[in-house]
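Chemist: Please read through the structure below; I'll follow up with questions.
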Amino acid sequence: MISLHINGKTKQVEAAPDTPLLWVLRDELHMSGTKFGCGMALCGACTVHVDGQPARACVLPVSAAVGRKIVTIEAIGDTPVGKRVQQAWAEIDVPQCGYCQSGQIMAASALLKAIPKPSDKDIDQAMSGNICRCGTYPRIRAAIHKAAGNGGKA
Amino acid sequence: MRRRLMLALALIGGAAAAAQGDPALFDPVASVVMTPRCVNCHQAEAPRQKDIGVIHAQQVVRGKDGHGSAVLQCAACHQAVNTAQGKVPGAPNWHLAPLSMRWQGLDKKGVCEQMRDPKRNGNRKGGEAVIEHMKTDPLVLWAWNPGANRTQPPMSHEDFVKVLQQWADAGMPCPQ
Amino acid sequence: MQSNRRLFLKAMTAAGGGLLLQIAIPGARARDAAPATGWEANAVVRIAADGKVHMTMPYVEMGQGTYTSIPMLIAEELEVDLKDVVLEHAGADDKRYINPALGFQVTGGSTTMRAAWLPMRQAGAAARMLLVQAAAQQWQVDAASCRAEHGAVIHTPTQRKLRYGALVDSAAKLPLPAAEAIVLKQPKDFRLIGKAARRLDTPGKLDGSAQYGIDVQLPGMKVAALAITPVFGGRLAGLDEAAALKVPGVRQVVRLDDCAAVIADHYGAAQKGLSLLALRWDDGPNAKLSSADIVADMARASQAGSAKVRADGKPEQAFAAAARVIEATYELPFLAHAPMEPMNCTVHVQSDRCDVWTGTQVMTRARAVAAQVTGLPEEKVTVHNFLLGGGFGRRLEIDGVERAVRIAREVKGPVKVIYSREEDIQHDMYRPYFYDRVRAGLDEHGAPVAWSHHLTGSSVLGRFLPPAFNNGFDPETVDGADAPPYAFPSIKVDYTRHEPPQIPTAFWRGVGPSHNIFVVESFIDELAAAANADPLAYRLALLKHNPRAEHVLKLAAEKANWQGPRNGAMGRGLSVQFAFGTYMAMVVDAHLVDGEVRVERVVCALDCGVPINPDTIRAQVESAVIFGISGALWGDITFKNGRVEQSNFHDYRVLRMHETPRIETHIVASNEAPGGMGEPGTAALMPALANAIYAHTGKRIRKLPIATALQSA
Chain A
1 MISLHINGKT KQVEAAPDTP LLWVLRDELH MSGTKFGCGM ALCGACTVHV DGQPARACVL
61 PVSAAVGRKI VTIEAIGDTP VGKRVQQAWA EIDVPQCGYC QSGQIMAASA LLKAIPKPSD
121 KDIDQAMSGN ICRCGTYPRI RAAIHKAAGN GGKA
Chain B
1001 MRRRLMLALA LIGGAAAAAQ GDPALFDPVA SVVMTPRCVN CHQAEAPRQK DIGVIHAQQV
1061 VRGKDGHGSA VLQCAACHQA VNTAQGKVPG APNWHLAPLS MRWQGLDKKG VCEQMRDPKR
1121 NGNRKGGEAV IEHMKTDPLV LWAWNPGANR TQPPMSHEDF VKVLQQWADA GMPCPQ
Chain C
2001 MQSNRRLFLK AMTAAGGGLL LQIAIPGARA RDAAPATGWE ANAVVRIAAD GKVHMTMPYV
2061 EMGQGTYTSI PMLIAEELEV DLKDVVLEHA GADDKRYINP ALGFQVTGGS TTMRAAWLPM
2121 RQAGAAARML LVQAAAQQWQ VDAASCRAEH GAVIHTPTQR KLRYGALVDS AAKLPLPAAE
2181 AIVLKQPKDF RLIGKAARRL DTPGKLDGSA QYGIDVQLPG MKVAALAITP VFGGRLAGLD
2241 EAAALKVPGV RQVVRLDDCA AVIADHYGAA QKGLSLLALR WDDGPNAKLS SADIVADMAR
2301 ASQAGSAKVR ADGKPEQAFA AAARVIEATY ELPFLAHAPM EPMNCTVHVQ SDRCDVWTGT
2361 QVMTRARAVA AQVTGLPEEK VTVHNFLLGG GFGRRLEIDG VERAVRIARE VKGPVKVIYS
2421 REEDIQHDMY RPYFYDRVRA GLDEHGAPVA WSHHLTGSSV LGRFLPPAFN NGFDPETVDG
2481 ADAPPYAFPS IKVDYTRHEP PQIPTAFWRG VGPSHNIFVV ESFIDELAAA ANADPLAYRL
2541 ALLKHNPRAE HVLKLAAEKA NWQGPRNGAM GRGLSVQFAF GTYMAMVVDA HLVDGEVRVE
2601 RVVCALDCGV PINPDTIRAQ VESAVIFGIS GALWGDITFK NGRVEQSNFH DYRVLRMHET
2661 PRIETHIVAS NEAPGGMGEP GTAALMPALA NAIYAHTGKR IRKLPIATAL QSA
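Laid out in structure tokens, this is it:
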């Protein structure tokens, strides 16, 4: 059994140590908010926080997550930054199909925690790893500025 | 006599001394270190990918310390081993070579001179220190286990260490 | 229960209480005829005793906003607030309500708002009238002295008020008003329509709770990773399952004729097991197929004959009399859909029933194929729908359902079959390759006197709905080519059907217009250049008879401050079109940065008739533009030794945040019937971008994708 610290709680999982964290979350723990998009860290749909830093669960072996603080989309709204991000996302109606948005919100929350007033370049360097096929990028950018208290603009 | 003089010079200080010995000894070293597996991370502002050396996708950049931008760190994706059936390369502490060790845009001569200059080779004084890096650093070793179908250097790691030794023994001579 | 056939609306008491409306929304295209007798509802509205309005409808939400815009139509006329609307996925297990037989029920083709516009509003208005009448009867007053507002009926003289919840049971017993008695609101009285409304599906998409097909959880469910024959038309020749079965969590290996699946407790184990199967394939007849072969075949086919789509104004005579004739060949590549949620389908096959869980644009087809594979009657098959993590036309197809049912037949208990991204791309059903020859005859001033467009490619609709293929063509394949907005004195359009060998083709966002309008708007740009004319002026001169097209083009040019095909050092390109019932024009600014195309700005002007939810309209422009840029710059599915060469986002590149232009949308105020918005932007963007690249580099893009065309420059 492997012991993981997820969203403030300790969970015991049976998965083999080389199992990607993504499938431990989705298939063993039934936490479906973290999504599968590509399986090779190209799209960001599987973004979780590990010790506060975004990490891609589709390639992170569960053994490497032991002893570290994992936060997923299900709990990001309990943090002040995550809550502000979700509010800004709601005010601008960012999501379309919504499938990529868990990853987008996790990346954006980490950005705003690290850089409370990000420039457009900061946003590019934090968010260009997250693909959206529905084209919500302009709204994501505006929502990040809004959550940063810039009223939707840089 | 000449050999003892060279050894003495090497003991004194390395880069400052004009290296004697056949510059062609660097050629086999260059045949390894100038492959994409090495050059792609000995870059300035952003790593490169693939044999054609395109700029790394996803706006991955050096950041403050070679580990990526504030929240898109190398470790977000690159694990301690190759993952996704080798498609995502990995080795312990995956990150860019320090800015001082960038080889971007350098030719064989430039890389050679940089490799023996402690100011630009991670403060490694003398051939043995340079060889130690090549022998043991997990990121260097990764080039021989790069995953998926990535091309590997043209000789084994063992042979690479041998040619490095020959080059170092000759005083780390560089092409003119 | 009473019904009013002319309205395709029924009202009755709901099981468990409340007022139930059954509505039939017509099928995909206006030309679908409604049957004279007997129809089935495909949308249901139930007003409950608590006043909440429960809506169930077969139109799926794949991001395009139907879950908000459709309720707006009902809520407007019913006089309730959007916050009182509760949405439920159409459940095909609830066969009493959803058993559509009115034409073919599908979400796609940018048709939803156009089809639902009147029926949903009529339903809302009829229900409102029943509720008002019920209140009037209870108060013993004249219904004309009552009004409906925010979910309640008010007797105006006395201000007595009854909430809908208190009226639903008595309202359900009243006869439906006659069709001609139902009066819909005038646009000036709209309270909801025309104003940006917050999406109803947003909250769940912010906290991970929204459920997509891939998220379904069932007791005892297993997960499957699969490998499909790498070459279309190939077969599984053999595998060794011993190593796979040793992986902890792997339960079973399933072999089918064209694929192998590893069944496991979780996907990580399934994938690991799959990689250990030592799969052997018999590649079949396409083993050596290459893209070059396919194109050569198409070029040959295009010479061998064609079906006449139209010929007006004596084109051959006009060509013969022309001062100059210009010709070009255009090629549009196979394109993958690559929605963020890879294809997936969960199935539980039992002896007396089959359940399918998947996000699909075609619930009834999913049910039909499951019934066919299992041999069960359709009433024993239940399809559970979900939000779709991107459709773009991919989820109009049931190939994944069919394969999942075949796998599930071999497995005890429910099994979730997930396509890896590699399988999703390499076993997509592609936007077909098109090989188009265009010709124009110009007079001595450079104005077109003759236009000929001969397209060669696959007929998706011919496979999808065979009755739609007549006289050698179908209306969707030639859409965008058959009726360009311009006043050409003579025009000839021909089509050669060419089906690539066993390579599946499907609808892709923008469908026929996605390739035809690229050709039309690029070639008209060529004519303008040949005539040494400004691209804007050249087009406007041909649009005088088409005021709505003329207007959007002028508006886009004005908002972009068009001064010619350059904006400083950047190139500017134009397009104008009428597609999906919507007029649209774009101005695109683009240039090369470090050898790569960078799109900096897109200005879009559109006239979609009455704009129902302006925020959704803007979102769809942004969406379609970004989707179109990805397609135009890099979209290319190529074949080598029978295999698709692309596999994931590293070699099937799509646009990311840092490369996204500013996008500005200008909506023309209108009271005309609504046009579709899901797709037109993609068709409009691609030629405008190519025209901008021409203006910047002097290179005319006749073969997409743009990045490849520029490399070979």
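Chains as they are written, first to last, in the working numbering: chain A, 1 to 154; chain B, 1001 to 1176; chain C, 2001 to 2713.
The beta-carbon is built from N, C-alpha and C at its ideal position, and this holds for glycine as well.
In this text, all values refer to a predicted model and were calculated from it rather than measured experimentally.
Taking the CB atoms as reference points, tell me whether R2199(C) and D93(A) lie closer together than 7 Å.
Modeler: yes
Chemist: With DSSP run on the structure shown, which of helix, strand or coil describes F2464(C)?
Modeler: helix
Chemist: With a floor of 4 residues, list each alpha helix (DSSP H) that falls wholly inside the region 1009–1070 of chain B, ordered by position along the chain.
Modeler: 1026–1033 and 1036–1039
Chemist: Use the C-beta contact count for K2308(C): other C-beta atoms within 10 angstroms, 16 or more gives buried, fewer gives exposed.
Modeler: exposed
Chemist: Roughly how many whole angstroms lie between the Cα atoms of G149(A) and K69(A)?
Modeler: 28 Å
Chemist: Contact defined as beta carbons within less than 8 Å: I believe F2473(C) pairs with G2457(C). What is the distance between those atoms, to the nearest angstrom?
Modeler: Contact doesn't hold; Cβ gap of about 11 Å is too wide.
Chemist: What residues match up with D2282(C) in a beta bridge as DSSP calls it?
Modeler: R2235(C)
Chemist: Secondary structure at A2590(C), three-state DSSP: helix, strand or coil?
Modeler: Residue state, collapsed to three classes: strand.
Chemist: Please classify G2103(C) as buried or exposed, where buried requires at least 16 neighbouring CB atoms within 10 angstroms.
Modeler: In this prediction, G2103(C) has a pLDDT of 40, which is less than 50 and means its spatial position is unreliable; nothing more can be read from the coordinates.
Chemist: Just to confirm the assignment: which complete alpha helix (DSSP H) runs, minimum length 4, are found wholly within the region 2496–2557 of chain C?
Modeler: 2511–2530 and 2535–2540
Chemist: Indicate whether the contact test is met: 3 or more Cβ pairs, each with one atom in the region 2639–2651 of chain C and one in the region 2579–2589 of chain C, closer than 8 Å.
Modeler: no
Chemist: Applying a beta-carbon distance threshold of less than 8 Å, which residues of chain B neighbour S2275(C)?
Modeler: Scanning chain B for C-beta atoms nearer than 8 Å to the C-beta of S2275(C) yields Q1085, reported in chain order.
Chemist: Report all residues from its chain with a CB closer than 7 Å to the CB of A2301(C); omit the five preceding and five following residues, and keep chain order.
Modeler: T2456, T2496 and H2498
Chemist: Is the CB of H5(A) under 7 Å away from at least one CB in chain C?
Modeler: no
Chemist: Using CA atoms only, rank isn't needed, just tell me which of H2054(C), G2564(C), V2383(C) and L2226(C) is closest to L1986(C).
Modeler: Limits of chain C in this structure are 2001 at one end and 2713 at the other, which puts residue 1986(C) out of reach.
Chemist: Can you name the start and end residues of the alpha helix (DSSP H) that R2121(C) belongs to?
Modeler: T2112 to W2139
Chemist: Under 7 Å between C-beta atoms, does Q1073(B) make it to chain A?
Modeler: Under the 7 Å criterion on CB atoms, Q1073(B) is classed as interfacial with respect to chain A.
Chemist: DSSP has G2573(C) in a bridge; who is on the other side?
Modeler: According to DSSP, residue pairing for G2573(C) in a beta bridge involves V2588(C).
Chemist: Between which residues of its own chain and P2705(C) is the CB-CB distance below 7 Å, once the five residues before and five after are set aside?
Modeler: P2333, A2632, L2633, W2634, G2635 and D2636
Chemist: Run through DSSP, which three-state label would P1175(B) get?
Modeler: Looking at P1175(B) - three-state DSSP - the assignment turns out to be coil, as it is neither helix nor strand.
Chemist: Counting pairs of beta carbons, one from the region 2476–2486 of chain C and one from the region 2541–2551 of chain C, are three or more of them closer than 8 Å?
Modeler: yes
Chemist: Closest Cβ-Cβ distance between Q1059(B) and chain C: below 7 Å?
Modeler: At least one chain C Cβ lies under 7 Å of Q1059(B).
Chemist: Check whether chain B comes within 7 Å of L111(A), counting only Cβ atoms and requiring the distance to be less than that.
Modeler: Output row for L111(A): interface = yes.
Chemist: Quick check on H30(A): buried or exposed, where buried means 16 or more other Cβ atoms within 10 Å of its Cβ?
Modeler: So H30(A) ends up on the exposed side.
Chemist: Give a yes or no on whether 7 Å exceeds the smallest Cβ distance from S128(A) to chain C.
Modeler: yes
Chemist: Closer than 7 Å between beta carbons: that is the criterion. Which residues of the region 43–60 of chain A meet it against chain C?
Modeler: Taking 7 Å as the Cβ-Cβ cut-off against chain C, the residues of the region 43–60 of chain A that qualify are C43 and A45.
Chemist: Could you round the C-beta distance between T2682(C) and S2420(C) to whole angstroms and report it? I think they count as a contact, below 8 Å.
Modeler: Wrong, their Cβ atoms sit about 26 Å apart, outside the cutoff.
Chemist: Which residues in chain B sit within 7 Å of M40(A), going by Cβ to Cβ distance?
Modeler: A1084, K1087 and V1088
Chemist: In terms of residue numbering, what span does the beta strand (DSSP E) encompassing M2363(C) cover?
Modeler: Premise fails: M2363(C) lies in the alpha helix (DSSP H), M2363 to T2374, not in any beta strand (DSSP E).
Chemist: How about the region 2689–2699 of chain C and the region 2642–2662 of chain C: do they share at least three Cβ pairs that are nearer than 8 Å?
Modeler: no
Chemist: Would you say the region 133–148 of chain A touches the region 2607–2626 of chain C, given that touching needs at least three Cβ pairs under 8 Å?
Modeler: yes
Chemist: Any C-beta of chain A within less than 7 Å: which residues of the region 2629–2653 of chain C qualify?
Modeler: Here the close residues are N2648, F2649 and H2650.
Chemist: I want to verify the contact list: residues of chain B whose CB lies under 8 Å from the CB of D124(A), in sequence order.
Modeler: Within chain B, the C-beta atoms nearer than 8 Å to that of D124(A) come from Q1059, in chain order.
Chemist: Roughly how many whole angstroms lie between the Cα atoms of A2292(C) and L2245(C)?
Modeler: 41 Å
Chemist: Just checking: is the beta-carbon of Q1043(B) within a distance shorter than 7 Å of some beta-carbon in chain A?
Modeler: Not an interface residue.
Chemist: From G2038(C) to G2018(C), what distance separates their C-alpha atoms?
Modeler: Low confidence applies here, because G2038(C) scores a pLDDT of 49, under 50, leaving its location unreliable and the question unanswered by this model.
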